[in-house]
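See below for the structure under consideration.
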Amino acid sequence: MSKATVKAPSNIAFIKYWGRADQRLFIPLNNSVSMTLSSCTTVTTAETIKGSSDDIQIKFYGKNYQKLKADSKKAINTFNLIQRVRKIAKSNLHVRIRSVNNFPADAGIASSASGFAALTGALLLAYGLHDKFDDKSEYSRQIRMSGSASAARSAYGGFVELLAGDNNQSSFTRQVADEHHWDLVDLIAIIDIQKKHTPSSEGHEAARSSPFLNSRIDDVKKRYPKIIKAIINRDFCSLGAEIERDSLSMHAVMLTQSPSLMYWEPGSISIMKDVIALRDKYGIQAFSTFDAGANAHVICQKKDAKKVQSHLLNNKYIKSLIYNEPTSGAHIIHEHLF
Ligand code: PMV
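Heads up, the sequence shown is in numbering that gives the first Met the number 0, so the first residue is 0 and it goes up one at a time.
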């Protein structure tokens with residue numbers, strides 16, 4: 000029997016992917032780039048066992064361990080991932096999995112990113128597929144095929160791009176710059192930790208019904224090289240403006256697809272306006288971005304983080320802030336969960 004534990008960070012996309020070219024292989028329609036998040040992580044231990052079924056329990060933020068229910072899309076993706084890894088390893092052993100998440104799940108903080116990156120890594124290692132874990136681009140493909148393509152960006156630390164590609168081989172992640180490259184901060188403003196109404200997986204499927212999807216994809220293609228250059232050159236004014244613009248562009252597609260997806264809450268809009276006021280009135284460079292959820296990610300430079308933090312705490316909608324810096328990607332740890 001073999002046991003392995005992997006710790007993986009979540010990530011926040013600066014250029015987001017929305018819509019998939021291939022729903023079965025989870026191949027995105029556009030390239031995306033993100034930063035890993037130091038305070039939002041998942042630890043997963045997997046051990047192969049001789050039992051008659053797989054035993055999966057997850058401990059979400061503030062909750063006790065729960066058995067994974069077989070009726071959700073996430074559960075289907077998890078069971079499919081286990082089957083796939085077992086098949087590659089030519090094994091008939093079942094697996095015991097325990098996973099612990101240290102931040103609110105399903106609230107636009109990409110809990111599936113850290114979750115699926117850690118789970119895929121722990122499974123590959125428990126089933127003896129070390130070469131597939133050590134080869135990070137292959138590991139990223141394996142994560143993407145788990146059902147959360149954004150999770151593939153958590154294979155590496157720092158600033159990471161997911162190349163959309165056009166087939167299984169060409170769709171993988173690579174590092175743009177490591178976690179020591181640039182001291183950016185993501186302040187996650189928690190306004191609502193209720194579960195979001197529509198999982199992003201369902202949203203991707205309907206993205207093509209928005210009349211704006213194709214214009215967004217063309218626009219991302221044009222802007223993308225500029226954004227990579229801004230990261231490499233640590234040019235925050237250029238990058239920040241693009242981050243905010245890209246979030247608005249993705250949400251414009253979400254809002255206009257059918258059925259319409261409105262992830263924002265009144266608090267989300269209020270934070271967007273506060274962040275604009277920070278720039279316009281006080282000259283502090285901060286920019287907001289939202290994943291598929293209501294909580295805001297406010298991106299700034301470390302030198303401004305304290306000021307941004309105290310300004311945000313005056314916003315009546317904000318319950319708490321999670322401070323994140325870039326961090327290392329998914330890696331093995333030796334403290335197992337059982
Ligand atoms: O994790 P997925 O494959 O369901 O995609 C989620 C995509 C967004 O989080 C909304 C944007 C992104 O690129 O992170």
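Each residue gets a CB set at the ideal place from its N, CA and C atoms; glycine is no exception. It should be emphasised that the depicted structure is a prediction, and the values quoted were computed from it without experimental measurement.
Item                                                                                                                                                           : Value
Roughly how many whole angstroms lie between the Cα atoms of Arg-173 and Lys-68?                                                                               : 33 Å
Hey, out of Leu-118, Leu-36, Pro-103, whose CA is closest to Arg-143's CA?                                                                                     : Leu-118
Spell out a yes or no on whether the segment 287-302 and the segment 258-268 are touching, meaning 3 or more CB-CB pairs, one atom from each, closer than 8 Å. : yes
Going by beta-carbon coordinates alone, are Thr-326 and Ser-37 separated by less than 7 Å?                                                                     : yes
Between Ser-237 and Asn-30, what straight-line distance do the alpha-carbon atoms span, to the nearest angstrom?                                               : 18 Å
The ligand ATP heavy atoms versus the CB of Lys-315: any closer than 6 Å?                                                                                      : The ligand ATP is absent from the structure shown, which contains only the ligand PMV.
Threshold first: 4 residues or longer. Then list the alpha helix (DSSP H) segments lying entirely within the segment 126-181, N to C.                          : 129-133, 135-143
Leaving out five residues on either side along the sequence, give the residues of the same chain with a beta carbon under 7 Å from the beta carbon of Arg-85.  : Tyr-126
Between the Cα of Arg-233 and those of Asp-177, Ala-251, Pro-210, spot the shortest distance and give me the residue it belongs to.                            : Asp-177
Any chance the CB of Ala-163 is under 6 Å from a heavy atom of the ligand PMV?                                                                                 : no
Please confirm if Phe-337 has its CB atom under 7 Å from at least one CB of chain C.                                                                           : Protein chain content of the structure displayed is limited to a single chain, and chain C is not contained in it.
Between which two residues does the alpha helix (DSSP H) holding His-330 run?                                                                                  : Not the alpha helix (DSSP H): His-330 falls in the beta strand (DSSP E), residues 330-332.
In its own chain, which residues sit with a C-beta less than 6 Å from the C-beta of Ala-148, not counting the 5 before and 5 after it?                         : Phe-25, Pro-27
Are the segment 178-189 and the segment 155-162 touching by the rule of at least three beta carbon pairs closer than 8 Å?                                      : yes
Among all the DSSP beta bridges, which residues are the ones paired with Val-274?                                                                              : DSSP, once it has assigned bridges, lists no residue as partnering Val-274.
Quick one: grab the DSSP three-state call for Ser-200.                                                                                                         : helix
Can you grab the Cα-Cα spacing for the pair Ile-231 / Val-175, in whole Å?                                                                                     : 7 Å
First and last residue of the beta strand (DSSP E) that includes Tyr-322?                                                                                      : 319-323
Is Asp-218 a contact residue of the ligand PMV, with contact defined as CB to any heavy atom under 6 Å?                                                        : no
Could you check if His-338 is buried or exposed, using at least 16 other CB atoms within 10 Å of its CB as the buried criterion?                               : Outside the modelled stretch of the chain, which goes from 0 to 337, sits residue 338, for which no answer is possible.
Taking only heavy atoms of the ligand PMV into account, decide whether any of them is closer than 6 Å to the Cβ of Ala-148.                                    : yes
Below 6 Å CB to CB, which residues in the same chain sit around Asp-279 once its five sequence neighbours on both sides are set aside?                         : none
If you run the structure through DSSP and keep just helix, strand and coil, what is Met-34?                                                                    : strand
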